[in-house]
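Residue numbers (the numbering used here): 10 to 476. A short write-up of the structure that comes next.
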Ligand SMILES: [Mn+2]
């Protein structure tokens, strides 16, 4: 398996090195942006002319951004599932290279491709592949491992095992040796450890769900107070988790473990391996992989992937300020969305819950709202949000989220949405835990029922004893 990946990577590196110029066509999320930044940096260092194009998804309208010129078209974090479209666009096999980790579509034209799935790798995203290819082109560019870690973490590759594994984990080691990554092997599995006050950080933690703390900042604060841990610095500002002395961290973690046990919950997801970037300023979202990835996602979701790319290239001036602004905006809108879902309530079917948010929120963020709402609603039922698309009134965007528990019960949202959307003339895809679809607006009801039926089948298939 590994041998196959190595030779695919080598072949990709050779194809790129032999090109006269390269156009990178990449996805707008954290994985796509970090991928673009890895490849454009390694190629610029090699003196190769390189242009970049970002697209929200590779669909017929987006193809007009793909230039018809002599450059090698490098499709990254997309392309595998849209090879028919590349063909329709008249692209030949010798001007295309695909780096992807999504399911491939069968195609007449033998486009060269490096795909994690071809090698049984499901816990590494495109940024990991991009880094391996970059390293094959320039073995000294191990500073770029950091961007690969951001892309992998952004694509939730560290989620299932509370840390990166396999080839994605090997990449971490390059960054450690280079000196721009510090690994904390048994850190708190919480988001916001570099920027949020500790009680806020804990209250936002829902994986694991900590009874009496999750979703309750005041209770989290009381919990920490009882432990007698100083939570403020000498100037009266809140400390963040990263700044706490080791002993205090240990004390909090063991108290949290006791809290979980007292409520009959597992403690296995309390700790995770985290990736800190010592070359970035403290108390900023650049300081660790998951917050950095969120910053990039915010750029992509607000249609500024280039701003994210500039940050990955080291811009800490205008681009960084703009991204910080987008992140703040992003959080406000997501908060509003979550509030809307909770206030208006969801419709519960036997195996899912859903809400239609109309055109109140950008369709690019409703999936995040679905994920956040899940822990506050019935977490056993996968959550679906339907949203109108402002620029395409005949189409409804569907986002679904579930959790590790449901995956253990046999749920596969990507499969459910692919099947149900195809049945109504739409298209779907994604991952088991998070997936999306576009469907004709007038099929919404039929579609929701279809997904519910498929989920019922999936739940039933995994554990026949548990009825
Ligand atoms: Mn990806």
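The C-beta atom is built at its ideal place from N, Cα and C for all residues, glycine as well.
Judged by DSSP in its simplified three-state form, residue 394 adopts strand.
In this structure, residue 449 lies away from residue 420, with their beta-carbon atoms at least 8 angstroms apart.
Annotation for residue 135 indicates a beta carbon within 7 angstroms of some heavy atom of ligand 1. When the alpha-carbon of residue 111 is set against those of 387, 454, 440 and 452, the nearest one is in 440. Your pair residue 102 and residue 120 checks out as a contact, with CB atoms roughly 5 angstroms apart and the cut at 8 angstroms. Ranked by Cα distance from residue 279, the first of 199, 231 and 180 is 199. Membership of residue 191 in the beta strand (DSSP E) is indicated by the continuous run 191 to 197. Put simply, the region 257 to 270 does not touch the region 177 to 190. Fewer than three CB pairs are less than 8 angstroms apart. Closer than 7 angstroms to some heavy atom of ligand 1: that describes the Cβ of residue 110. Secondary structure of residue 128 (DSSP, three-state): helix. Spatial neighbours of residue 84 in its own chain (CB-CB distance under 6 angstroms, excluding positions within 5 residues in sequence) are listed in chain order as 34 and 107. Taking one beta carbon from each stretch, the region 462 to 472 and the region 416 to 434 have 3 or more pairs nearer than 8 angstroms; the two touch. Remark: the C-beta of residue 127 is outside contact range of ligand 1, defined as less than 7 angstroms to any heavy atom. The DSSP-derived three-state label of residue 312 is coil. A direct Cα-Cα distance of roughly 13 angstroms separates residue 292 from residue 242.
For residue 349, the enclosing alpha helix (DSSP H) starts and ends at 327 to 353. About 3 angstroms separates the CB atoms of residue 163 and residue 39; that is less than 8 angstroms, so the two are in contact.
Around the beta carbon of residue 77, fewer than 16 other beta carbons sit within 10 angstroms, so the residue counts as exposed. From the listed residues 297, 335, 446 and 143, the smallest Cα separation to residue 22 is found for 143. Here residue 351 is actually not in contact with residue 374; their C-beta atoms are around 16 angstroms apart, not less than 8 angstroms. Residue 82 has 32 and 105 as its beta-bridge partners, per DSSP. Fewer than three Cβ pairs drawn from the region 59 to 73 and the region 187 to 198 lie within less than 8 angstroms of each other, which leaves the two stretches out of contact.
Following the DSSP letters along the chain, one finds residue 448 in no alpha helix (DSSP H) but inside the beta strand (DSSP E) bounded by residues 443 to 449.
Per DSSP, residue 365 lies in no alpha helix (DSSP H); the unbroken beta strand (DSSP E) holding it starts and ends at 362 to 365. In this structure residue 193 touches residue 283 by the C-beta definition: roughly 5 angstroms separates them, less than 8 angstroms. Secondary structure at residue 436: strand, using DSSP grouped into helix, strand and coil. In the three-state reduction of the DSSP assignment, residue 286 falls in the coil class.
By the 16-neighbour rule on beta-carbons within 10 angstroms, residue 126 is exposed. Comparing C-alpha distances from residue 456 to each of 20, 408 and 310 shows the shortest one belongs to 408. Between residue 317 and residue 305 a beta carbon distance of about 4 angstroms is seen, short of the 8 angstroms cut, so the two are scored as contacting. For residue 176, no beta strand (DSSP E) segment is defined; the enclosing uninterrupted segment is the alpha helix (DSSP H) at 175 to 187. Between residue 271 and residue 299, the alpha-carbon positions lie close to 29 angstroms from each other. Taken atom to atom, the span from the alpha-carbon of residue 51 to that of residue 59 is near 10 angstroms.
Per DSSP, reduced to three states, the secondary structure at residue 297 is strand. With a cut-off of 7 angstroms, the C-beta of residue 183 is classified as distant from ligand 1, since no heavy atom of the ligand falls inside that distance.
Taking C-beta atoms as the reference points, residue 47 and residue 211 fail to come closer than 8 angstroms.
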